[in-house]
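For reference, the structure is listed below as structure tokens.
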Amino acid sequence: MPWGLKRFHQSHQLHFLTFSCYRRRPNFRSPQSRTTFECALERVRQRYGLCIYGYVVMPEHVHLLINEPERGTLAQALQSLKQGVARRLALRAADPFWQARYYDFNVWGEGKFVEKLRYIHRNPVQRGLVKRP
Numbered sequence: 011m012p013w014g015l016k017r018f019h020q021s022h023q024l025h026f027l028t029f030s031c032y033r034r035r036p037n038f039r040s041p042q043s044r045t046t047f048e049c050a051l052e053r054v055r056q057r058y059g060l061c062i063y064g065y066v067v068m069p070e071h072v073h074l075l076i077n078e079p080e081r082g083t084l085a086q087a088l089q090s091l092k093q094g095v096a097r098r099l100a101l102r103a104a105d106p107f108w109q110a111r112y113y114d115f116n117v118w119g120e121g122k123f124v125e126k127l128r129y130i131h132r133n134p135v136q137r138g139l140v141k142r143p
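Counting from 1, position 34 in the sequence shown corresponds to residue 44 in the numbering used here; the numbering is continuous, with no gaps.
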């Protein structure tokens, strides 16, 4: 974990998560790869009882705004998600699909919730991937 970054789990707060593909490779360039991620996210949502407030799949990273799971831990849910995606998309790949760690920001109020949700919506616009959210 990076110095100074503390994770507060079982705090009943929302989490703004960012996790990246290994060496920032654009593993989500294709619509099929993004669909694979979305299907895996739905399976994990159902299995762990997650509420997903927002997400964006960028070519080389993902942002999620979610609650803590009803079943299991946040770390278990993310491990399941990342493993499921990697197994489906990284067949015979020599390198890992994902970077090992993830960024976790506890969303502690309505203002931060709106800020992080706007960031999720605006990220692909700022990168020139879409014209509007």
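All C-beta atoms in this analysis are idealised placements derived from N, C-alpha and C, irrespective of residue type, glycine included.
Beta bridge counterpart(s) of residue i as assigned by DSSP
i: G64; result: L75
Alpha-carbon to alpha-carbon, residue j and residue i
i: Y63; j: Y129; result: 13 Å
i: S43; j: P143; result: 20 Å
i: M68; j: Q109; result: 15 Å
i: A85; j: V72; result: 16 Å
i: Q136; j: G121; result: 21 Å
i: Q23; j: E70; result: 26 Å
i: K141; j: N133; result: 11 Å
i: R97; j: A103; result: 10 Å
i: F26; j: V95; result: 19 Å
i: V36; j: D114; result: The residue you asked about is not Val; residue 36 is Pro in the sequence shown. The alpha-carbon atoms of P36 and D114 are separated by roughly 21 Å.
i: Y65; j: H131; result: 8 Å
i: S40; j: F47; result: 11 Å
i: L139; j: T45; result: 17 Å
Check whether residue i and residue j have beta carbons under 8 Å apart
i: V54; j: A87; result: yes
i: C31; j: F107; result: yes
i: L99; j: L51; result: no
Proximity to residue i [Cα-Cα], best of the options
i: I76; options: T45, Q136, W118; result: W118
i: R57; options: R33, T83, H73, E70; result: T83
i: Q93; options: F29, H25, L24, K126; result: F29
i: Q89; options: V135, T45, R111; result: R111
i: K80; options: L74, C61, R97, N37; result: One detail in the question is off: residue 80 reads as Glu in this sequence, not Lys. When each option's Cα is compared against that of E80, the closest is C61.
i: D105; options: E78, R34, L27, F115; result: R34
i: G59; options: E78, F47, V66; result: E78
i: L127; options: L74, F38, T45; result: L74
Terminal residues of the beta strand (DSSP E) in which residue i lies
i: Y113; result: 113-117
i: F26; result: 24-30
Boundaries (first-last residue) of the alpha helix (DSSP H) holding residue i
i: L84; result: 84-99
i: S43; result: 41-58
i: K141; result: It is not in any alpha helix (DSSP H) - K141 carries neither H nor E in the DSSP assignment.
i: E120; result: 120-136
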